[in-house]
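Chains A and B, in that order, give the protein sequences.
Take 0 as the starting number for the first sequence in numbering that gives the first Met the number 0 and just add one per residue.
Take 0 as the starting number for the second sequence in numbering that gives the first Met the number 0 and just add one per residue.
C-beta: ideal position from N, C-alpha, C; glycine also.
2 protein chains.
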Amino acid sequence: MPDIGKMLWPKSVAVVGASSDLHGLRGRILEIMLSHPYAGRIYPVSRSAGEVQGLKAYPSVDALPEPVDLAILIIPAEYIPAELERCGKAGIRAAVILSSGFAEEGGKGAAMQQDIAAIARRYDMAVTGPNTEGFANIEAGLCPTFSPALDRNAGPIRPARALGSGQVSVISQSGGLGFAFFDRARPRNLAFRHIVTTGNEAALEVFDVVDYLLEEGGSDVFLLLLEDVKSPDKFRRTADKALRLGKPIIVGKIGQSEAGSRAVASHTAALAGSQAAYRAMFERYGLIEARDLDEMLDLAVGFLACGDRLPAGKRVGICTSSGGAGVWMADACAAAGLEMPVLDAETRKAIDVHIPSYGTSQNPVDSTAQGVHKMGYATFARLVANSPLIDGVVVVVTARRSAFLEGDLPKLKELRRDSGKPVFMWTYTLPSDRSVEILNEAGYPLFTGAHGCARTMAAMAEYRARRERARAKGTNGPAAAAPHAARDQVRGVLDASAEVLAEWQARPLLALYGIGDDAGTLVRSAKEAEKAARALGRAAALKVQSAQLPHKTEAGAVALAIAADNAAAAYDTVLANARRFAPQAKIDGVLVQPMVKPGREVILGVSRDERWGPLLMLGLGGTLVEAMGDVALSPLPLARDEALALLARLKGAVVFGPWRGMPEADTGALADLMVKLGQFAVDHAEDVAEIDLNPVIVHAKGDGVSVVDALIIKRKTQAARRTAAE
Amino acid sequence: MPDIGKMLWPKSVAVVGASSDLHGLRGRILEIMLSHPYAGRIYPVSRSAGEVQGLKAYPSVDALPEPVDLAILIIPAEYIPAELERCGKAGIRAAVILSSGFAEEGGKGAAMQQDIAAIARRYDMAVTGPNTEGFANIEAGLCPTFSPALDRNAGPIRPARALGSGQVSVISQSGGLGFAFFDRARPRNLAFRHIVTTGNEAALEVFDVVDYLLEEGGSDVFLLLLEDVKSPDKFRRTADKALRLGKPIIVGKIGQSEAGSRAVASHTAALAGSQAAYRAMFERYGLIEARDLDEMLDLAVGFLACGDRLPAGKRVGICTSSGGAGVWMADACAAAGLEMPVLDAETRKAIDVHIPSYGTSQNPVDSTAQGVHKMGYATFARLVANSPLIDGVVVVVTARRSAFLEGDLPKLKELRRDSGKPVFMWTYTLPSDRSVEILNEAGYPLFTGAHGCARTMAAMAEYRARRERARAKGTNGPAAAAPHAARDQVRGVLDASAEVLAEWQARPLLALYGIGDDAGTLVRSAKEAEKAARALGRAAALKVQSAQLPHKTEAGAVALAIAADNAAAAYDTVLANARRFAPQAKIDGVLVQPMVKPGREVILGVSRDERWGPLLMLGLGGTLVEAMGDVALSPLPLARDEALALLARLKGAVVFGPWRGMPEADTGALADLMVKLGQFAVDHAEDVAEIDLNPVIVHAKGDGVSVVDALIIKRKTQAARRTAAE
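See below:
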């Protein structure tokens, strides 16, 4: 791995292609670099000019007076490979390639990008770009970028009085958006450490930079803007490290829509990949996804201001002096999944002495204007934070005028020092600059959007829970691996099977892992069907078995609740239906099984994502669920607590509780099944493309689950894979 | 109806309770009034002072030198009723009651609020409040409020250069939030006309004020903040008028969550009502709902800037010079339900000459920085707006620096003049004040949030469609009313029925309106069951009939696909199950019906909302749908096009198209059924509390629908209702 430190903390920098024309990018970049207090040396490199913007220029990187650490390249694309090679030869170990015209253009550009990658590898150079907007190391005052956000006139790059003591780093594949975070965060007084834009990522990727910054230290919150993740393993390793270190990563994943992913493909030649799979990976590793710049900044503000004061749960107390604004905040909190319990009697008693009769201490606590003027925001918030029923507090303020906050400042500081619970401020009027300063100084996050405020509190609670789950790993890891014998047996059968394993073939394999059972008899005549049904001693289900008939119900190839007397007739009917529906299908026979008791119906499956490998899919209900998208995905393997968390993520999860006259469902048994299926998928990841258990019936607590149908689809034959791998 | 003009446009005003103490609300309000250029006369009324803030004060409203138009009352609650009476006697015909301590406090306060209502009625006075923050007539410079947003130091109340030529009026039940709109809109240069806060609404309600302002003219966009709607009829009449006049109403409805509605109840003693019902009413009348202050302001900015240039459809072209930002906007547009078709060949050809090879003209159109610097935003947007595939344009800009926009200004003005399509600007960097001014001057709405921008475009397209539907009414109204005979027959049967009509009783009634059919035979023995099943000549369904057994399936009281030979046994089984499940249930018999062909399963129902009367409910799928909340509500009656629009609102509406091997569903037949059910519900609104058709099967196009189960629940007996009404 090349040394990213050479790039971010160079002692000297060459700007190749620097110009004195301040209207062009080649002039702008040097102008911006010179306008910030970088302590190292900067050398313009120009073929045509002897002096650039008052600095002596050099004709080539090999003519510099010293071997520099970093080269900034801003010359036409076609000259880049040769120039990078020259840098390598000159001993330069880091480069930023700002030029466009590579993979985003296709054809020759794509080939040149591969050349860049090869050169970077050869010289072990830390290279970002091409097609990047550069970076800014705010700590070092080093800003090799043409982003207007770093213009001399755009204001100081460090806030006079920063929020909290931490720093934020931005790593973005998009140059414009990367620096937009910095730009838009200015009025909020966030202290930034690094802004790094990685462009087409011919060599260094976003997670290489994140990993370096985790090692470097000093970055307390990360803002990431991703179009794609090129190396899944780097993602897993780095995201896991960040989670264990407690450094939250807030991520904007763009290219989620059809049109968006079309544009991503056109402008960076990246494969957008499945959004649901990305989301599953983010959730597993605790990355916090947001969908707009300000939403991401709200999250950064919250984490930075609160540090380790993360809410232990989702119960929020709301302090307000405006009835309407308090109600709106309560609605926003509920929409974000937070809870607002009525406060306990003792807390209410303590509050009631401070508020007039037309206020209320239930929650939201409405002090009325009169009440808050008497006690101040700090005392008000402290009273509510003291409640044992509350994990975090939101104070509704009107920060247009600062005088009142000013008077409250000492007490606000005290509260911040004493309270282990996060206290947020939401202003429904526009805050004055001074109000922002006061609250920053006291260490409180200030929000102007009710939903951004509520979302941040919820995300902080979820992050804490996710982090605690990650730290607890080992005590509650995945189920013990299946015995070698079972694994080998499954592998043997899979090797010998055709591409699709219908239920009668899939069941025995899955049963070896404890997934469902091997119930059922495959019959090939009406007479056999009747005999099998009679042997069950109860109503039977008859299902035509064929690899070419995935939607048996729609084909009429299933008969349910059949008495033995009718089994022969049902056999004939389902077979005739199947033949009419799919005349070409090769039919293996009809499976006769005992009917399963009713319960909640779920779909459980495994499919391979191109990028992330096998993922487990859980959906609620029958075929309609697809249309409604109530599906949760998870990477594999998954531990039992992860399985339970996945269950809770379904929109319709309420059906698992006591529901419509049914007792609570056996979610524990379902979680066990998910863990086992995950183990099966991991053990046979190389062989299996897809597994569908559809439906699985979840019975009442204690009665377990029933796998009602099963299907396995193999990946391409090993021979075909081997060819592809070569 | 009292004259609200006396309140909003008084020639003279008395401030009862005025004080010289600028720290208290009684001093603040006069101070604020005097700091704005109101042309009328202001008289302080004070029991104790002869002079207040430099003005001669009067001891009582009946001692004033002239009969004033408006009295502002800010004295303790207990003195309000007597003072209001004194105003009435003195010939004052409008009053604003700012004092708190009425219905929000309960008990004596609630009684005093009723006194206020009675006095207002007696003197035909226009009264807002109590518990309001007053109002501001920006046009008249009259600001009887203590809101800090109108402070002398808060800046001018009219923007130097307003966006567009229109004006916005705010009407809010919450004082704090009402003035917060005005406060937060300042940097966006919106011109406000009126801000009216209505408080507890003892007399005047929000929609009284809206109605007056519609008649007054000059308010082009309305921002409403509602906790509740007290008079449904005023809402219907006024909202319909606004829609026909093309004056968009943007509404924030607070108190949607449990905690929020608890707080609403506590602070205004209002009944929050069903949120889903509110939403249905808003959709019917084209009110645009939003969930945060800035989202509402984004909508106001869009409507105000674009006037009649509403998008004819949902197809958007995106112009960008930053790849990443264009992708993000595309994602936001897709999330808002907009479409981004690849542009037509002719348009692309015209664009391609302006952009380098590493840009793209598909859509989003990425000109790259180089492309846009050459042609400017106006030319770029015009090229895209010219496409016949596009209804509106979003231009991604970076408005940090204004120089580039400045140069583009003449062309931007030309485009605005020529183009019939809306053109939005979204900046991903923070806009400078000058950039905002330039774009305002040119007449473009500027957004800083990608989602707010996209949401506004989508809402404008939906508003246009809704308005066109409203204007087309009459050509496509509700189905012709049922014949009198059927109506009378149904009424007669309902009068004679018990509270719950099970399927065998409900079916014949509904069939009189063409809703489902009267298929099925009620049997009372196994033998009869077999006979009835045999008569069908096909598989039968057997269902136990009992008013005390609403969930037949869960009880095992239904048997499906039963052959005649098994009907007797099935009869015994379902009856035994029902008795075991509900031993107390009075069983009417077992209904034997022909099995229905499969298809898409929907739930159709009617229920009475306390506030809005009967509403139609449509849901997709079986029992699970409830858990997922995929349900759409509509007021009644509903026309066929409304029925089809309701269908399209289901999240899972995709299942009605060709889906999973099934042909397109007969949505036309479903819409007809919805119209007829709506007619039934309207005709018998006084008698019926609830109707459930669950499920209704929607067959393939041309094959109609089947009502598989039906239930009617009557309202309380007429006698009970009569008693309640007296």
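Around S230 of chain B, no beta-carbon contact reaches into chain A at under 8 Å, the shortest distance being about 20 Å. In this structure, V126 of chain A keeps its C-beta atom at 9 Å or more from the C-beta atom of I170 of chain A. Inside the stretch 5–40 of chain B, DSSP marks whole beta strand (DSSP E) runs of 3 or more residues at positions 11–15, from first to last along the chain. When beta bridges are read from the DSSP output, V169 of chain B appears opposite B:I194 and B:L222.
Under the criterion of beta carbons closer than 8 Å, V393 of chain A and Y376 of chain A do not qualify as touching, at roughly 12 Å.
The beta carbons of G419 of chain A and R308 of chain A sit closer together than 9 Å.
Among the CB atoms of chain A, none fall inside 9 Å of the CB of D390 of chain B. Within the stretch 421–434 of chain B, the residues whose Cβ lies closer than 7 Å to any Cβ of chain A are, in chain order, Y427, T428 and L429. Sequence-distant partners of L535 of chain A (beyond 5 residues in either direction) whose C-beta falls short of 6 Å from its own C-beta, in its chain, are P593.
Within the model, the alpha-carbon separation for Y277 of chain B versus A471 of chain B is close to 24 Å.
Between the alpha carbons of P66 of chain A and A201 of chain A lies a distance of about 24 Å. In this structure, S173 of chain B lies away from L212 of chain B, with their beta-carbon atoms at least 9 Å apart. Taking 3 residues as the minimum length, the beta strand (DSSP E) runs contained wholly in the stretch 274–358 of chain A are 315–319, in order along the chain. In the DSSP assignment, D608 of chain B falls within the beta strand (DSSP E) that extends over R599 to D608. By a beta-carbon distance limit of 8 Å, R607 of chain B contacts A688 of chain B. Their separation comes to about 6 Å. For F679 of chain B, no beta strand (DSSP E) encloses it; the enclosing alpha helix (DSSP H) starts and ends at T666 to D682. Within the stretch 638–651 of chain B, the residues whose Cβ lies closer than 8 Å to any Cβ of chain A are, in chain order, K650 and G651. Excluding its 5 nearest sequence neighbours in each direction, K313 of chain B has C-beta neighbours in its own chain below 6 Å: L337, E338 and A460, listed in chain order. C-alpha of A528 of chain A to C-alpha of I586 of chain A: approximately 15 Å in a straight line. At a C-beta separation below 7 Å, D182 of chain A has these neighbours in chain B: R399, T428 and L429.
Within the stretch 149–176 of chain B, the residues whose Cβ lies closer than 9 Å to some Cβ of chain A are D150, N152, A153, S171, Q172, S173, G174, G175 and L176, listed in chain order. Cα atoms of R468 of chain B and G285 of chain B: separation of roughly 10 Å, rounded to the nearest angstrom. By the criterion of a C-beta distance shorter than 6 Å, A680 of chain A is surrounded in its chain by V605, P613 and L635, once the five residues flanking it on both sides are discounted. Residue state for G513 of chain A is assigned as coil, using DSSP reduced to three classes.
Not flagged as an interface residue toward chain B: Y211 of chain A, since no C-beta distance is shorter than 9 Å. Q113 of chain A does not reach chain B, its nearest Cβ partner there being about 17 Å away, counting only Cβ pairs nearer than 8 Å. Three or more Cβ pairs closer than 8 Å define a contact, and the stretch 432–441 of chain B falls short of that threshold against the stretch 133–152 of chain B. In the structure shown, P507 of chain A adopts helical secondary structure according to DSSP, grouped into three states.
In the three-state reduction of the DSSP assignment, V67 of chain B falls in the coil class, being assigned neither a helical nor a strand state. At a cut-off of 9 Å, the C-beta of Q361 of chain A has a neighbouring C-beta in chain B. Contact note: P147 of chain A reaches chain B through T397, R399, R400 and T428, using a C-beta cutoff of 8 Å and chain order. DSSP lists B:V394 and B:L445 as the bridge partner or partners of M424 of chain B. Annotated three-state conformation of N136 of chain B is strand, per DSSP. Closer than 7 Å at the C-beta level to chain B, one finds these residues of the stretch 289–321 of chain A: R290, D291, L292, D293 and S321.
If you check the CB distance, I31 of chain A and F206 of chain A do not come in under 9 Å. Residue-level contact by beta carbon fails for A457 of chain B and chain A, as no gap is shorter than 9 Å.
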